[in-house]
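2 protein chains.
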Amino acid sequence: MSGVLTIEAIRASASRIAGAVVRTPVVRSERLDDLVGTQVLLKAENLQRVGAFKMRGATNAVRVMLEAGERPRGVVAFSSGNHAQAVALAAREHGLPAVILMPEDAPPEKRAATEAYGAEVRVFDRAAHDRAEMAEEVVRETGFALIPPYDDARVMAGQGTAALELFEDAGPLDALMVPIGGGGLIAGCAVAAAAVAPDCRVIGAEPDASGDSMRSLDAGTWQGEPSGPTIADGQQAPQGQLTFEVMRGLVERSVVVSDDDIAAAMRALFERAKLVAEPSGACGLAGLLRHAHDLGLAGARVGVVISGGNVAPERFAAITGSGTSAQELSTHRPIPKL
Amino acid sequence: MSGVLTIEAIRASASRIAGAVVRTPVVRSERLDDLVGTQVLLKAENLQRVGAFKMRGATNAVRVMLEAGERPRGVVAFSSGNHAQAVALAAREHGLPAVILMPEDAPPEKRAATEAYGAEVRVFDRAAHDRAEMAEEVVRETGFALIPPYDDARVMAGQGTAALELFEDAGPLDALMVPIGGGGLIAGCAVAAAAVAPDCRVIGAEPDASGDSMRSLDAGTWQGEPSGPTIADGQQAPQGQLTFEVMRGLVERSVVVSDDDIAAAMRALFERAKLVAEPSGACGLAGLLRHAHDLGLAGARVGVVISGGNVAPERFAAITGSGTSAQELSTHRPIPKL
Numbered sequence: 000m001s002g003v004l005t006i007e008a009i010r011a012s013a014s015r016i017a018g019a020v021v022r023t024p025v026v027r028s029e030r031l032d033d034l035v036g037t038q039v040l041l042k043a044e045n046l047q048r049v050g051a052f053k054m055r056g057a058t059n060a061v062r063v064m065l066e067a068g069e070r071p072r073g074v075v076a077f078s079s080g081n082h083a084q085a086v087a088l089a090a091r092e093h094g095l096p097a098v099i100l101m102p103e104d105a106p107p108e109k110r111a112a113t114e115a116y117g118a119e120v121r122v123f124d125r126a127a128h129d130r131a132e133m134a135e136e137v138v139r140e141t142g143f144a145l146i147p148p149y150d151d152a153r154v155m156a157g158q159g160t161a162a163l164e165l166f167e168d169a170g171p172l173d174a175l176m177v178p179i180g181g182g183g184l185i186a187g188c189a190v191a192a193a194a195v196a197p198d199c200r201v202i203g204a205e206p207d208a209s210g211d212s213m214r215s216l217d218a219g220t221w222q223g224e225p226s227g228p229t230i231a232d233g234q235q236a237p238q239g240q241l242t243f244e245v246m247r248g249l250v251e252r253s254v255v256v257s258d259d260d261i262a263a264a265m266r267a268l269f270e271r272a273k274l275v276a277e278p279s280g281a282c283g284l285a286g287l288l289r290h291a292h293d294l295g296l297a298g299a300r301v302g303v304v305i306s307g308g309n310v311a312p313e314r315f316a317a318i319t320g321s322g323t324s325a326q327e328l329s330t331h332r333p334i335p336k337l
Numbered sequence: 000m001s002g003v004l005t006i007e008a009i010r011a012s013a014s015r016i017a018g019a020v021v022r023t024p025v026v027r028s029e030r031l032d033d034l035v036g037t038q039v040l041l042k043a044e045n046l047q048r049v050g051a052f053k054m055r056g057a058t059n060a061v062r063v064m065l066e067a068g069e070r071p072r073g074v075v076a077f078s079s080g081n082h083a084q085a086v087a088l089a090a091r092e093h094g095l096p097a098v099i100l101m102p103e104d105a106p107p108e109k110r111a112a113t114e115a116y117g118a119e120v121r122v123f124d125r126a127a128h129d130r131a132e133m134a135e136e137v138v139r140e141t142g143f144a145l146i147p148p149y150d151d152a153r154v155m156a157g158q159g160t161a162a163l164e165l166f167e168d169a170g171p172l173d174a175l176m177v178p179i180g181g182g183g184l185i186a187g188c189a190v191a192a193a194a195v196a197p198d199c200r201v202i203g204a205e206p207d208a209s210g211d212s213m214r215s216l217d218a219g220t221w222q223g224e225p226s227g228p229t230i231a232d233g234q235q236a237p238q239g240q241l242t243f244e245v246m247r248g249l250v251e252r253s254v255v256v257s258d259d260d261i262a263a264a265m266r267a268l269f270e271r272a273k274l275v276a277e278p279s280g281a282c283g284l285a286g287l288l289r290h291a292h293d294l295g296l297a298g299a300r301v302g303v304v305i306s307g308g309n310v311a312p313e314r315f316a317a318i319t320g321s322g323t324s325a326q327e328l329s330t331h332r333p334i335p336k337l
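Here the protein sequences come in this chain order: A and B. Counting from 1, position 212 in the first sequence corresponds to residue 211 in numbering that gives the first Met the number 0; the numbering is continuous, with no gaps. Counting from 1, position 254 in the second sequence corresponds to residue 253 in numbering that gives the first Met the number 0; the numbering is continuous, with no gaps.
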């Protein structure tokens, strides 16, 4: 769907957001390679501003409006987490007020961070309200401009800059594993890959409670639906219709993983790569850990986007089962005199 | 003490080890800056190979021997952790066997990693044996060459390359905070700073159970002694005599922090910078968090070496108090349907 998103748009986005986002490092770990059975090149978007790739798309969307002379009175977004923080910070940096709609069950650390970036957070009940309708209402009330979380060409173009950087910094890759929530990240990355690394396979990863992108890609038609319960709070959104149009034909397939697979990937990143990843952030690695063999990737050189790191230590410990009892604490804490 | 360690030796080391060590990224976090009250530029040596800066000095020491045509039959090291892993890996990469003496109370994850890198680990009881004597015995028995953990010009030169990179990548700094165990890292960094960033203050940080470097620097004479009990297992070694000779006159002072300060710094790195640091690894940040005001560093631009990340998730949870009960787990784990 070159009409919706082109490599030129991604390149323009890269120039537009340079300096306002971090060129995140590619992190490697021999012990991670040993565990996975492939070479693993981690694009550490957990080290991005606001702790997630979302800063790329949000910044691009704001700057596209300002460049076009469409200075909005403010911006509105709906998000359970990282897009919220990204829009809040991008708005503040460009002198715009922001209203963010967050579901009441969003992780408290994500809500606190969104408020810390200066946004007005309005909480809604997922069961009782449709978030898109609520956002429309805020737009009507305030005259602010909506920045959608993924079904938006400006947002996808921004997210695709992560893959552009990875291909520049990591050299040739056999495959690229990307977590899929609504699909903005993988859509942007797939267009970038098709242009600059056409031999690189692009593969998505989703929690098995979701899998709508897998079904959409397998069927060749959009099958978007919201996720069932999963620890991967960043991947509960339905596959976007626009993101699906962009990724169709470019993304080979999407694989699903269990919450336990995601927990194992979070632990592996902590222990072996010294990186904190939130559940959605680790889903690409979980997909590779679980499916490297079926995907024919044993020994291959694989890029993996670690898409975010916004998880509280308590939630991390609960998910990975590394919380300790008082007894363990007493044996771990003091270390005998040298 | 330019006789012991010169900037030329550090620059030569940088060339010698290039490609065998990671040029680690400088990581920033606005939310960390807000917490600390300074600009913080993290030199992320936890993302170094083997998870710690020690890979620099170990690789340099091995390559200096090989360059000089002194190919040893193998190498020996004594270490409770990261130097052990670094010597094990550096030896394996150069086709040399390694024997590593580790105390029986070394963190199990560090021992397992050392064995995974192919070294023979010999365990000793700190109370019953002197590790330096034991190492001499192994040297006599095997004919292997000893690579000391810090009191060695080759090792200090290697460690100093971390600061060279930081000054190149981070631009001007008002101060550099460096954890001190035996002092190899700060000695190398101080010589690098004096040469390439002479206006940058170099300040050490130690657990308050140690503080022998603080006392040595305050007194102007070597006061080395082993640490009392602390969670900072990488900083239990006594201040080295050679490292003290090098750092004297170049390191402004060393500050001490409590184990609770270290735990707070580990948590801050997790939550705000998405980095896993072991206790010793976080000690420089702990020093800055605790002492930024007394040191006159409010608002300053401060480099902080995060020296290592080798801590098991269980130990991390115990130290930071983020282990959760079964009840918390049930509220954290599944997230309601969108």
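Even glycine gets a Cβ: it sits at the ideal position worked out from N, Cα and C.
Rounded C-alpha distance that separates residue i from residue j
i              : j              : result
residue 233(B) : residue 85(A)  : 37 Å
residue 92(B)  : residue 144(B) : 16 Å
residue 4(B)   : residue 83(B)  : 23 Å
residue 141(B) : residue 45(B)  : 32 Å
residue 212(A) : residue 189(B) : 53 Å
residue 65(B)  : residue 264(A) : 39 Å
residue 325(A) : residue 312(B) : Residue confidence is low: residue 325(A) scores 42 on pLDDT, short of 50, so the model does not pin down where it sits. No coordinate-derived value is stated.
residue 215(B) : residue 296(B) : 23 Å
residue 72(B)  : residue 135(B) : 15 Å
residue 118(B) : residue 98(B)  : 6 Å
residue 115(A) : residue 242(B) : 43 Å
residue 221(A) : residue 186(A) : 14 Å
residue 253(B) : residue 192(B) : 16 Å
residue 94(B)  : residue 22(A)  : 36 Å
CB contact below 7 Å: residue i versus chain B
i              : result
residue 322(A) : yes
residue 333(A) : Reliability fails at residue 333(A), whose pLDDT of 41 lies under 50, so the model's placement of it is uncertain and no value is given.
residue 45(A)  : yes
residue 24(A)  : yes
residue 298(A) : no
residue 269(A) : yes
residue 219(A) : no
Contact with chain A by residue i, beta-carbon distance below 7 Å
i              : result
residue 52(B)  : no
residue 313(B) : yes
residue 316(B) : yes
residue 319(B) : yes
residue 273(B) : yes
residue 180(B) : no
residue 123(B) : no
residue 259(B) : no
residue 18(B)  : no
residue 5(B)   : no
Candidates the options: closest to residue i by CA position
i              : options                        : result
residue 43(A)  : 56(B), 57(B), 25(B)            : 25(B)
residue 231(B) : 249(B), 162(B), 248(B), 283(B) : 283(B)
residue 153(A) : 69(A), 8(A), 310(A)            : 8(A)
residue 125(B) : 40(B), 303(B), 236(B), 317(B)  : 236(B)
residue 255(A) : 77(A), 177(A), 51(A)           : 177(A)
residue 261(B) : 305(B), 100(B), 79(B)          : 305(B)
residue 27(B)  : 244(B), 268(B), 206(B)         : 268(B)
residue 89(B)  : 168(B), 319(B), 111(B), 74(B)  : 74(B)
residue 106(A) : 122(A), 274(A), 270(A)         : 122(A)
Per-residue DSSP class, three states only, for residue i
i              : result
residue 143(A) : coil
residue 222(B) : coil
residue 52(B)  : coil
residue 304(B) : strand
residue 203(A) : strand
residue 174(A) : strand
residue 334(B) : In this prediction, residue 334(B) scores a pLDDT of 40, lower than 50, which makes its location untrustworthy; the coordinate-derived value is nonetheless stated afterwards. Three-state result, residue 334(B): strand.
residue 74(A)  : strand
residue 229(A) : strand
residue 274(A) : strand
residue 9(B)   : helix
residue 318(A) : helix
Where are the beta strand (DSSP E) runs, 3 residues long or more, that stay fully inside the segment 235-260 of chain A, in chain order?
252-256
Could I get the ranges of all uninterrupted beta strand (DSSP E) runs contained in the segment 83-134 of chain A, with 3 residues as the minimum, in chain order?
97-102, 119-123
What beta strand (DSSP E) runs, 3 residues minimum, are completely inside the segment 17-63 of chain A?
38-43
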